[in-house]
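Novice: 94 is the number of the first residue of the sequence shown in our numbering; add one for each residue after it.
Positions of the beta carbon are idealized from the N, C-alpha and C atoms, including for glycine.
The structure follows.
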Amino acid sequence: MIGKVASASVRAVLVAVLILTPALLLPNVNSDTSQVVVLVALACGALTLFEYASVYPSLVEFRDAPPFNRIRFLSLFMTVFILSVLARGRMDPSGLTLFIEAVGSLVGTALDFPYSPVRLVLLSLPEAAPATAVSAIRAAAGMAYLIALLAITFFYLILKLYNWPSRSGAFNVWINLPTFDPTAGGDVVDRLNRDARVNLALGFLLPFMVPAIGKAAVHLFGHAMITDAQTMIWMVSLWAFLPLSLFMRGIAMSRVADMISEMRRRTTAADTPAGLLAT
């Protein structure tokens, strides 16, 4: 129990650090914004602590199936950190910020082709946006999208090479999929495969839909993505992270469905008499 609480505490601190990263790295953050960020960080850290310290799951999926949530956390942390460094470089340049800005510009330019998600992000900006702001958002979107692609590739390799999640021990559907009710009706495998396809489809469409939604809602939020660095960091980070999470969830649910199907086949083969198998 002590080890479980200690592990949950470490996770809570890491989540709080993630939330605080932009406010810690960006210069000239006003006190009101800092207070709000601290409150959000404390709330997210407390939620993480209670979730991982409790025996019964509530919201976090694949809690006992590493490295699913670790990959998601690291991808989001790297995205927020790099975007925060890019934004800091516009106000307080240094050797590190100039290097990351050069890499981000290269990646953003490479991914900025017709009909790409990065191009759609740029098209969602107002026509009067300064060239420097457009260049910065191009670099940020390119880096965020590249990190998401690397994360999904790494997770797929883990799944194939290490037979995830079988090597993690017995897979408990109730603990790892607390929002999925296997008794709700219908075959579990069919429902898992259907949910997997829905998640994969949404993960593919979100990078194209979010910029359009943002452009449609510009009259509500104004041009905060250009004028406020923290808004830009979180909007671009979530634009890349949410599709990544849906893709990973879809792949994981499809994998769980395959595991259940394989277990059923083995059980059927074990229960079938040897003479009947021979015929």
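Name the two residues that bound the continuous alpha helix (DSSP H) containing residue 287.
Specialist: That run of the alpha helix (DSSP H) goes 281-309.
Novice: Less than 6 Å between C-beta atoms, sequence neighbours within five positions excluded: which residues of the same chain meet that for residue 248?
Specialist: Result list for residue 248: 164 and 341, in chain order.
Novice: Exposed or buried, residue 285, counting other C-beta atoms within 10 Å across all chains shown (16 or more means buried)?
Specialist: Buried, by the Cβ-count rule.
Novice: Give every residue of the same chain whose Cβ lies closer than 6 Å to the Cβ of residue 127, excluding the five residues on either side of it in the sequence, and list them in chain order.
Specialist: Contacts found: 116.
Novice: Report the option in 338, 232, 221 and 194 whose CA atom is closest to the CA atom of residue 212.
Specialist: Nearest of 338, 232, 221 and 194 to residue 212, Cα basis: 232.
Novice: Report the option in 132, 184, 97 and 107 whose CA atom is closest to the CA atom of residue 148.
Specialist: Taking only the C-alpha atoms, the option nearest residue 148 is 97.
Novice: Suppose you measure from the CA of residue 234 to the CA of residue 214; what does that come to, to the nearest Å?
Specialist: Taking the straight line joining both Cα atoms gives about 8 Å.
Novice: Any idea what DSSP makes of residue 108, helix, strand or coil?
Specialist: The answer is helix: DSSP assigns residue 108 an H, G or I state.
Novice: Excluding the 5 residues flanking residue 257 on each side, which residues of the same chain have their C-beta closer than 6 Å to its C-beta?
Specialist: Closer than 6 Å at the Cβ level, and outside the excluded window around residue 257, lie 251.
Novice: Just curious, the alpha helix (DSSP H) that residue 125 is in, first and last residue?
Specialist: From DSSP, the alpha helix (DSSP H) with residue 125 extends over 124-146.
Novice: Between which two residues does the alpha helix (DSSP H) containing residue 235 stretch?
Specialist: Here the alpha helix (DSSP H) through residue 235 covers 224-254.
Novice: Taking its Cβ as the centre, do 16 or more other Cβ atoms sit within 10 Å of residue 95, making it buried, or is it exposed?
Specialist: Residue 95 should be labelled exposed.
Novice: How many whole angstroms separate the CB atoms of residue 142 and residue 101, which I take to be in contact at a CB cut-off of 8 Å?
Specialist: Right, their Cβ atoms sit about 5 Å apart.
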